[in-house]
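Colleague: Below you'll find the structure I mean.
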Amino acid sequence: MSKTKRIYMDHTAGKPVDPHVMEAMMLYMKSLYGNPSSVHSFGQEARQAIEEARTKIAELINAERKESIIFTSGATESNNMAIKGVTYRNKDRGTHIITSSIEHMSVLNPCKFLMTKGFKVTFLPVDQYGFVNLRSLEKELTSETILVSIMYANGEIGTIQPVKKISQIVHGKNAYLHVDAATANGQVPIDVDNEGIDLLTISSNDMYGPKGVGALYIRKGTRLKPSIHGGGQERGLRSGTENLPGIVGFGKAAEIAKKEMPTESGRLKTLRDKLIKGLLDNIPRSFLNGHPTKRLPNNAAVRYSFIEGESILLDLDLKGVAASSGSACTAKTLEPSHALRAIGLKHEEAHGSLLFTLGKQNTEGEVDYAIRIMPDIVKRLREMSPLTPKELKE
Amino acid sequence: MYSEKVMDHFRNPRNMGEIPEADGIGTVGNPVCGDMMTVYIKVKDNRIDDIKFKTFGCGAAIATSSMVTELAKGKTLEEAEKIGRSDVADSLGGLPKVKMHCSNLAADALHAAIEDYEKHKGTKR
Chain A
1 MSKTKRIYMD HTAGKPVDPH VMEAMMLYMK SLYGNPSSVH SFGQEARQAI
51 EEARTKIAEL INAERKESII FTSGATESNN MAIKGVTYRN KDRGTHIITS
101 SIEHMSVLNP CKFLMTKGFK VTFLPVDQYG FVNLRSLEKE LTSETILVSI
151 MYANGEIGTI QPVKKISQIV HGKNAYLHVD AATANGQVPI DVDNEGIDLL
201 TISSNDMYGP KGVGALYIRK GTRLKPSIHG GGQERGLRSG TENLPGIVGF
251 GKAAEIAKKE MPTESGRLKT LRDKLIKGLL DNIPRSFLNG HPTKRLPNNA
301 AVRYSFIEGE SILLDLDLKG VAASSGSACT AKTLEPSHAL RAIGLKHEEA
351 HGSLLFTLGK QNTEGEVDYA IRIMPDIVKR LREMSPLTPK ELKE
Chain B
395 MYSEKVMDHF RNPRNMGEIP EADGIGTVGN PVCGDMMTVY IKVKDNRIDD
445 IKFKTFGCGA AIATSSMVTE LAKGKTLEEA EKIGRSDVAD SLGGLPKVKM
495 HCSNLAADAL HAAIEDYEKH KGTKR
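Chains A and B, in that order, give the protein sequences. Going by the numbering used here, 11 is the number at position 11 of the first sequence; the sequence numbering is gapless. Take any residue in the second sequence, note its place counting from 1, add 394, and you have its number in the numbering used here.
Quick look at the structure:
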């Protein structure tokens, strides 16, 4: 079989860079390459470009002022900066942190690190859809709690958290709320003011900007320690010469995302629902991971009993479709994804999970193709599996 | 990630299926770990006359199962017992490091099938 047709449906792992973004970046590599801290016109042009990008990102998330945006190298750095920065700066007020059991590793691991430094961390349970248990949150919050970190949406199961409700609970106890919105940003409208978010992690590649750039929104008045010490860039919180072309691209990506989001999200939701239906309808013993409607517009996460995720991915790839899986065999750890385990899936159920994340260039025809090839793939692997019950073998 | 040979065996697994009246059956691994395989053998004149497998697992698990049946077919039981995990991996042109431990169980399943045969030899199954 030829592999001429290649369909990419793994946009949570990586996205192409929008051509308009690339064009905007080029200028700042070829001609306007000054250091934003320099006094001369080259430097001033660079400074202006960075501040314009900052404004566009502030507008995307409705930040009160552009100075609340700090540029970083991506979501992992933003999450580290928020969690370590806030807890170290506020440990005179308390040493308790609350997060959830389905956070990204770049939230979970800084929290685990802080446990070795005398902080106490509570990992909130989630329900079968991945929603954080709000009653547990209320119960666990004490006057010792300084920070709560909950993701906006989970990239593996797509579930979108009730952020506004969470922030009302958190602020009732005077703790800060950090929200990791990587994967969600650019897909769903985020309003830090209306939703009551004190710190927000966003990343550039999630909205078709370049990789290696991100930002942390820090509400005015939020106290945190610098993450990188040096020349005092980014209000002294994150030193280092600014990634000029990256930041310009990030700004352009934010501008495009704001403009295109209403129509593109609607289009993706239609494709997503068609894909989910198609992946489940014609195949017995298949299930949806996450919530049917409160999920990211591009996220179709399913699981098939009796077969293993990596072998499904290999078969899909042989037929030209690139997807992802929470299966152990695709990860370095050899443990099934912690998010899939947290929503109550048994190991063997988690192993059969499959994740399609759609993007701008995906068409309805591509979705139809993915739906069409799936039954044969599942059938082949089930025929091979010693776990498949007799009644499924016809 | 995988060699051409692994992908070939994954795409076109040899000797996949069950032997209804097998002389020996060996199952190793479990679904919780993500890899589980069963090897069926038919023995004639101390030789593996027929061999089949069923596997739940990743690409490496499927390819190693297929490969081990190819290596064992026609061999005497003594020869088959000597087929080790590394023989299977080598015959496939190598396996990724993380797969060597968990997904390279096919030789163990073959040995379990032979042991099962020895145990039941002479008795009617």
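Just so you know, even glycine gets a beta-carbon here, dropped at the ideal spot from N, CA and C. A quick note: this is a predicted structure, and the numbers were derived from the prediction, not measured.
In the DSSP assignment, the alpha helix (DSSP H) including I456/B goes from what residue to what residue?
Modeller: The residue given as residue 456/B occupies position 62 in the second sequence. Unbroken alpha helix (DSSP H) run through I456/B: 453-466.
Colleague: Who are the neighbours of M384/A on chain B, taking C-beta pairs under 7 angstroms?
Modeller: As a working mapping, residue 384/A is identified with position 384 in the first sequence. Within 7 angstroms Cβ-Cβ: P407, M410, K448, T449, I456.
Colleague: Note down the Cα distance separating A503/B from E464/B, rounded to an integer number of angstroms.
Modeller: Locating residue 503/B in the second sequence gives position 109, where the first residue counts as 1. Locating residue 464/B in the second sequence gives position 70, where the first residue counts as 1. Spanning the two alpha carbons is a distance of roughly 14 angstroms.
Colleague: Taking its Cβ as the centre, do 16 or more other Cβ atoms sit within 10 Å of E23/A, making it buried, or is it exposed?
Modeller: Translated into the one-based positions of the first sequence, residue 23/A becomes position 23. Exposed, because fewer than 16 other Cβ atoms sit within 10 Å of the Cβ of E23/A.
Colleague: Please report whether the beta-carbon of F306/A lies at a distance below 8 angstroms from any beta-carbon of chain B.
Modeller: By one-based count along the first sequence, residue 306/A stands at place 306. Cβ-Cβ to chain B under 8 angstroms: yes for F306/A.
Colleague: Counting C-beta neighbours from all protein chains within 10 Å, is the total for E195/A 16 or more, i.e. buried, or is it exposed?
Modeller: Counting from one through the first sequence, the residue named residue 195/A turns up at place 195. With 16 or more neighbouring CB atoms inside 10 Å of its own CB, E195/A falls in the buried class.
Colleague: Using beta carbons (cut-off 8 angstroms, strictly below), is P425/B in contact with chain A?
Modeller: Indexing the second sequence from 1 puts residue 425/B at position 31. For P425/B, the answer is yes, since a Cβ of chain A falls inside 8 angstroms of its Cβ.
Colleague: Quick check on G453/B - is its C-beta less than 8 angstroms from some C-beta in chain A?
Modeller: In the second sequence, residue 453/B corresponds to position 59, counting from 1. Interface residue, yes.
Colleague: So, at 6 angstroms on beta carbons, what are the nonlocal neighbours of A211/A in its own chain, with the 5 sequence-adjacent residues on each side left out?
Modeller: Taking the first residue of the first sequence as position 1, residue 211/A is located at position 211. The residue asked about is misnamed: residue 211/A is Lys in this sequence, not Ala. Only N205 meet the Cβ criterion.
Colleague: Going by beta carbon distance, what residues of the same chain come within less than 8 angstroms of G469/B, once the five residues before and after it are set aside?
Modeller: For the purposes of this step, residue 469/B is taken as residue 75 along the second sequence, with counting starting at 1. Rather than Gly, the amino acid found at residue 469/B in this sequence is Lys. Taken in chain order, the residues that qualify are R441, I442, I477.
Colleague: Taking the alpha-carbon positions, what's the G249/A to V21/A distance?
Modeller: Reading the first sequence from its first residue, position 249 is the one you call residue 249/A. Reading the first sequence from its first residue, position 21 is the one you call residue 21/A. If I take the Cα positions, the gap works out to 5 angstroms.
Colleague: Quick one: which chain B residues come within Cβ less than 9 angstroms of L318/A?
Modeller: One-based indexing of the first sequence puts residue 318/A at position 318. Residues of chain B passing the Cβ test: M401, F404, R405.
Colleague: Taking only beta carbons into account, state which residues of the region 342-360 of chain A come closer than 8 angstroms to chain B, listed in chain order.
Modeller: K346, H347, E348, H351
Colleague: Mind reading off the beta-carbon distance from K446/B to G411/B? Whole number of angstroms is fine, and I expect it under 8 angstroms.
Modeller: In the second sequence, the residue the question calls residue 446/B occupies position 52. In the second sequence, the residue the question calls residue 411/B occupies position 17. The pair is a contact, with the Cβ atoms about 5 angstroms apart (cut-off 8 angstroms).
Colleague: Roughly how many angstroms separate the alpha carbons of P375/A and S460/B, rounded to a whole number?
Modeller: As a working mapping, residue 375/A is identified with position 375 in the first sequence. As a working mapping, residue 460/B is identified with position 66 in the second sequence. The straight-line gap from Cα to Cα measures roughly 23 angstroms.
Colleague: Looking at the C-beta of E51/A, does it have a partner C-beta in chain B at a distance below 8 angstroms?
Modeller: By one-based count along the first sequence, residue 51/A stands at place 51. No - not a single Cβ of chain B is within 8 angstroms of the one on E51/A.
Colleague: Am I right that K66/A and E51/A are in contact with their C-beta atoms under 8 angstroms? What's the rounded C-beta distance?
Modeller: The residue labelled residue 66/A in the question sits at position 66 within the first sequence. The residue labelled residue 51/A in the question sits at position 51 within the first sequence. Your pair K66/A and E51/A checks out as a contact, with CB atoms roughly 7 angstroms apart and the cut at 8 angstroms.
Colleague: H351/A by DSSP, collapsed to three states: which one?
Modeller: Locating residue 351/A in the first sequence gives position 351, counting from the first residue. Reduced to three states, the DSSP call for H351/A is helix.
Colleague: Would you mind reading off the limits of the alpha helix (DSSP H) that contains Y511/B?
Modeller: Along the second sequence, read from residue 1 onward, the residue named residue 511/B stands at position 117. Start and end: 500-514.
Colleague: Let me confirm a value: Q187/A is counted as buried when at least 16 other C-beta atoms fall within 10 Å, else exposed. Which label applies?
Modeller: Here residue 187/A corresponds to residue number 187 of the first sequence, with the count starting at 1. So Q187/A ends up on the buried side.
Colleague: Does S337/A come within less than 8 angstroms of chain B when only Cβ atoms are used?
Modeller: Counting from 1 along the first sequence, the entry for residue 337/A is found at position 337. So no, S337/A is outside the interface.
Colleague: Quick one: what's got a C-beta closer than 7 angstroms to L275/A's C-beta in the same chain, skipping five residues either side?
Modeller: The residue labelled residue 275/A in the question sits at position 275 within the first sequence. Correct list, in chain order: A300, F356, V367, A370, I371.
Colleague: What are the start and end residues of the beta strand (DSSP E) that includes D180/A?
Modeller: Here residue 180/A refers to the residue found at position 180 when the first sequence is read from its first residue. 176-180 is the span of the beta strand (DSSP E), which, as asked, contains D180/A.
Colleague: Going by DSSP, what residues sit across from G423/B in a beta bridge?
Modeller: For the purposes of this step, residue 423/B is identified with residue 29 of the second sequence, where counting begins at 1. Per DSSP, M430/B.
Colleague: If you follow the alpha helix (DSSP H) that T72/A is part of, which residue opens it and which one closes it?
Modeller: Working through the first sequence from its first residue, we reach residue 72/A at position 72. Counting along the chain, T72/A falls outside any alpha helix (DSSP H), though it belongs to the beta strand (DSSP E) covering 69-72.
Colleague: For chain A, is any of its Cβ atoms less than 8 angstroms away from the one on M430/B?
Modeller: For this step, residue 430/B is matched to residue 36 along the second sequence. Judged by the 8 angstroms Cβ criterion, M430/B is in contact with chain A.
Colleague: What does S324/A reach in chain E if we use C-beta pairs closer than 9 angstroms?
Modeller: Protein chains in the displayed structure are A and B, and chain E is not among them.
Colleague: Taking the C-alpha atoms as reference points, what is the distance between T72/A and E144/A?
Modeller: Position 72 of the first sequence holds residue 72/A. Position 144 of the first sequence holds residue 144/A. T72/A and E144/A have their alpha carbons spaced roughly 29 angstroms apart.
Colleague: Go through the region 121-184 of chain A residue by residue and report every complete run of the beta strand (DSSP E) that reaches 3 residues or more, in order.
Modeller: 145-151, 176-180
Colleague: Which whole-angstrom value describes the C-beta separation of I83/A and P125/A, a residue pair presumed to lie in contact below a C-beta threshold of 8 angstroms?
Modeller: As a working note, residue 83/A is residue 83 in the first sequence. As a working note, residue 125/A is residue 125 in the first sequence. Going by Cβ atoms, the distance from I83/A to P125/A rounds to 20 angstroms, so no, they are not a contact pair.
Colleague: So with Cβ pairs under 8 angstroms, would you call S311/A a contact of chain B?
Modeller: Sequence index remark: in the first sequence, residue 311/A carries index 311 (1-based). It does: the Cβ of S311/A has a partner Cβ on chain B nearer than 8 angstroms.
Colleague: Using the beta-carbon count (16 or more within 10 Å), is E349/A buried or exposed?
Modeller: One-based indexing of the first sequence puts residue 349/A at position 349. By the 10 Å Cβ count, E349/A comes out buried.
Colleague: Please state whether DSSP places F356/A in a helix, a strand or coil.
Modeller: Numbered from 1 along the first sequence, position 356 holds the residue referred to as residue 356/A. Under the three-state reduction of DSSP output, F356/A falls in the strand class.
Colleague: Out of L316/A, V378/A, V132/A, point me to the one whose CA is closest to A342/A's CA.
Modeller: If you number the first sequence from 1, residue 342/A lands on position 342. When only C-alpha atoms are compared, the closest one is V132/A.
Colleague: What's the gap between the Cα of D18/A and the Cα of L32/A?
Modeller: Position 18 of the first sequence, counted from the first residue, corresponds to residue 18/A. Position 32 of the first sequence, counted from the first residue, corresponds to residue 32/A. Approximately 20 angstroms, taken between the alpha carbons.
Colleague: Which residue marks the beginning of the alpha helix (DSSP H) containing D481/B, and which one marks its end?
Modeller: Stepping through the second sequence from its first residue, residue 481/B is reached at position 87. First-last of the alpha helix (DSSP H) with D481/B: 479-485.
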